[in-house]
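Just below is one structure, and these are the notes that go with it.
Numbering (full-length UniProt numbering), first residue to last: 1 to 113.
Written out as structure tokens, the structure reads:
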């Protein structure tokens, strides 16, 4: 009986540990997508394309907010704030200011582990 309980506990622990990387990978996928979109936003912003910057910043924001649902990280929170500012300034046609915020988002989101 004792051996059966130990085997059951060992099996349960193994399943839990094997499932953890899948959860982390899902979180990292959203963060990775957010970083890629934010980098695209920066590139368009440097070219003065506020409309394209806004589109990519909005995409980055959606992914970053999705990651926030499962991950608590101050860099993620700061990245979201920068993306919100990038979207706001991009919609106003302020490509230069929006670019600075998109760059800030890239910096913070790249720090999310």
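Glycine is no exception: its CB is placed at the ideal position from the N, C-alpha and C atoms.
> Starting from residue 95 and walking both ways along the alpha helix (DSSP H), at which residues does that stretch end?
Replying inline: Start at 1 with the first residue of the chain shown, and residue 95 comes out as number 95. Note, residue 95: alpha helix (DSSP H), 95-109.
>> In this structure, how does DSSP classify residue 77 when only helix, strand and coil are distinguished?
In response: Residue numbering aside, residue 77 sits at position 77 when the chain shown is read from its first letter. Three-state result, residue 77: helix.
>> Can you tell me where the alpha helix (DSSP H) holding residue 70 begins and where it ends?
In response: Taking the chain shown and counting its residues from 1, the one referred to as residue 70 is at position 70. Run containing residue 70: none; DSSP gives neither H nor E here.
> From 82, 76, 29, pick the residue whose C-alpha is nearest to that of residue 100; which is it?
Replying inline: The residue you call residue 100 lines up with position 100 of the chain shown. Here the closest residue by C-alpha is 82.
> By how many angstroms is the C-alpha of residue 40 removed from the C-alpha of residue 73?
Replying inline: Taking the chain shown and counting its residues from 1, one reaches residue 73 at position 73. Taking the chain shown and counting its residues from 1, one reaches residue 40 at position 40. For residue 73 and residue 40, the distance between alpha carbons rounds to 23 Å.
> Would you report the Cα separation of residue 23 and residue 104, rounded to the nearest angstrom?
Replying inline: As a first step, residue 23 must be located in the chain shown, where it is residue number 23. As a first step, residue 104 must be located in the chain shown, where it is residue number 104. Because the pLDDT of residue 23 is 41, which lies under 50, any placement of that residue in the model is unreliable, and the question is left without a value.
> Between 71, 86, 42, 91, which lies nearest to residue 111 when the distance is taken from Cα to Cα?
Replying inline: As a first step, residue 111 is located in the chain shown; it is residue number 111 there, counting from the start. Checking every option, the nearest Cα to that of residue 111 belongs to 71.
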